[in-house]
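For the sequence shown, UniProt numbering assigns the number 2 to the initial residue and increments by one for each residue that follows.
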Amino acid sequence: VKITYVEHNGRAHEIDVPRGTTVMEGARDHGIPGIEADCGGACSCATCHALVEPSWVAKLPAKEPIEQDMLDFAYQTHPTQSRLTCQIRVNEALEGLVLRLPERQA
Ligand code: FES
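See the structure below:
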């Protein structure tokens, strides 16, 4: 499933991310700068924060309360575009997803 991660400096990385993994794992496993994922995907660090393109906001599964709570600890969040990428599971519906990585993590 093709997902594009855009670094804060504008450099874009289109990655083929396996179904069933998470958007965070796709970035981490390919060494994309900007996703730290200190907790390894347990939704307890907020360092896998990214901003999804506005056109994608409504197409993603809604945030669980735990994700919403952890986002409070992320750096410079946006009310609708901010997500914790470890909480987004990859499937065909995400083909073409574009995310922007923040200037820094929490
Ligand atoms: Fe820690 Fe996502 S990897 S909250």
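C-beta atoms are modelled at their ideal positions from N, C-alpha and C, and glycine is treated no differently.
Rounded to whole angstroms, the separation of the alpha carbons of Pro80 and Val53 is 11 Å. Three or more Cβ pairs drawn from the region 86-95 and the region 25-40 lie within less than 8 Å of each other, which places the two stretches in contact. Closer than 7 Å to some heavy atom of ligand 1: that describes the Cβ of Leu85. Residues of the same chain with a CB within less than 7 Å of the CB of Pro55, apart from the 5 flanking positions on each side, are Gln82 in chain order.
Judged by their CB atoms, Ala51 and Leu102 are nearer to each other than the 8 Å cut-off. The alpha carbon of Val7 has as its nearest neighbour, out of Gly32, Ala75 and Arg20, the alpha carbon of Gly32.
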